[in-house]
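**Q**
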Amino acid sequence: MEDTGKKINVLYLDDETNNLNAFKANFRRMYQVFATESAASARQVLSENEIVGLSQVPLAPTLESATAVSGALVHLVWTSPSTFAQNIEVDRKTGNGAYVPIATLGGGVTMYDDQNVTPGTQYSYVIKAIDLAGSSPASNAITVTPPLATIVGNH
6 MEDTGKKINV LYLDDETNNL NAFKANFRRM YQVFATESAA SARQVLSENE IVGLSQVPLA
66 PTLESATAVS GALVHLVWTS PSTFAQNIEV DRKTGNGAYV PIATLGGGVT MYDDQNVTPG
126 TQYSYVIKAI DLAGSSPASN AITVTPPLAT IVGNH
């Protein structure tokens, strides 16, 4: 057999019944398949090409707390049930607005200080875990309002 150098990308669905309706949407395996003449040439092809192996969308983190430490700082703490997460995305919305990403952190990080807040403004936060397969669902949301400055002095 001649090595044509053509690559075939295959999505393998890990489903015991081979029923696509029963396939869990958050689990997939991706393979890159090569046509080769021999085991030796297959090893060479594998060493020269990036292979995408087992990849699973991470589970959603749990946002444990969002604490207004001051009018200028909100401290977030979360737990992540996934060891697959390569990154953590912190999303925030103001009032009834849409969530927007404000930080991307390493997968093992479990806390973040949002120092870009305005006293008296209501913020809601969610956390997402991200890997090669995609983004987890958003965590639970926590809403917090940094306090207005307190004036101390003679009245």
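Each residue of the sequence shown is one higher than the last, beginning at 6 in the numbering used here. Think of the CB as a built atom: it goes at the ideal place given N, C-alpha and C, for glycine as much as any other residue. Here the structure is a predicted model, which means the values were calculated and not measured.
Output needed for A154: all residues of its chain with C-beta closer than 8 Å, excluding positions within five of it in sequence on either side, in chain order.
**A** G76, P124
**Q** With H, G and I counted as helix, E and B as strand and the rest as coil, what does DSSP make of P106?
**A** strand
**Q** How many angstroms separate the CA atom of P63 from the CA atom of V157?
**A** 48 Å
**Q** Give the single residue among T72, A103, L68, T99 whose Cα lies nearest to the Cα of I93.
**A** L68
**Q** Thinking C-beta only, is T72 closer than 8 Å to V149?
**A** yes
**Q** Any idea if S141 is buried or exposed, counting beta-carbon neighbours within 10 angstroms, 16 or more meaning buried?
**A** buried
**Q** Fully enclosed by the segment 71-152, which beta strand (DSSP E) runs are 3 residues long or longer?
**A** 78-84, 92-99, 105-111, 116-119, 128-136, 147-149
**Q** Is L81 buried or exposed, if buried means 16 or more other CB atoms sit within 10 Å of its CB?
**A** buried
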